[in-house]
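Residues -4 to 133 in the numbering used here are what the sequence shown spells out, letter by letter.
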Amino acid sequence: MDSSENAPREEDSVLIVEDESLVAQDLKGLVENLGFEVIGVEREGTAALTSIRRESPDLILMDIMLAGEMDGIEVTRKLAENPPPVVFLTAHTDAATLDRAKETNPLGYLTKPINEADLRTTLEVALQRKRTTKELHR
């Protein structure tokens, strides 16, 4: 298999939802260095929902703990049918948080601090699953 098949495609867009500014900027840099287009960074749930609906990102990197009334899990639940793939980011590894997150069928779950190798693998696998699922439903 050609390694270029798994490389990010120019059209692969990522929305970052992270309420800690420094973490969001570091994450943005990592994602861009991996060859993905970051189409926005949102800090809280309501703004994230608006951006997701307006921009239709290929993938969302969603922090679980967000500023505002909704956490990342609740934002993901509100996306209803056919949401973009979501990869959760969290410093919380407790079973209750993991169980809540699993109910939304995320395509990944990364614990902070995020390292580049894990991020690359998770993004590539999530986007490949999205492509495969899309092709199967044609």
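Just so it is clear, CB atoms sit at the ideal spot from N, CA and C, and this is done for glycine as well.
Asked, Found
"Use the C-beta contact count for residue 43: other C-beta atoms within 10 angstroms, 16 or more gives buried, fewer gives exposed.", "buried"
"Tell me which residues share the same chain as residue 45 and place their Cβ nearer than 6 Å to its Cβ, disregarding the 5 neighbours each side in the sequence.", "none"
"Which residue marks the beginning of the alpha helix (DSSP H) containing residue 116, and which one marks its end?", "111 to 131"
"Residues in the same chain with beta-carbon distance under 7 Å from residue 88, minus the five sequence neighbours each way, listed in chain order, please.", "106"
"Rounding to the nearest angstrom, what Cα-Cα distance links residue 31 and residue 97 in this structure?", "25 Å"
"Would residue 83 pass as a contact of residue 57 if the rule is Cβ separation under 8 Å?", "yes"
"Report the rounded CA-to-CA distance for residue 49 versus residue 91, giving the unit in angstroms.", "31 Å"
"Rounded C-beta distance between residue 80 and residue 121? I'm assuming under 8 Å.", "5 Å"
"Could you pull the start and end residues of the alpha helix (DSSP H) that residue 40 belongs to?", "40 to 50"
"What is the residue span of the alpha helix (DSSP H) that residue 67 lies within?", "67 to 72"
"How far does the beta strand (DSSP E) with residue 7 in it extend, from its first residue to its last?", "First-last for residue 7: undefined, no H or E at that position."
"Which same chain residues end up closer than 7 Å to residue 117 when comparing Cβ atoms and leaving out the 5 residues on each side of it in sequence?", "82, 103 and 105"
"Along the chain, where does the beta strand (DSSP E) containing residue 134 start, and where does it finish?", "Nothing about residue 134 can be reported from this structure: the residues present for the chain run from -4 to 133 only."
"In chain order, what residues of the same chain have a beta carbon less than 7 Å from the beta carbon of residue 68, not counting five sequence neighbours either side?", "59, 95, 96 and 99"
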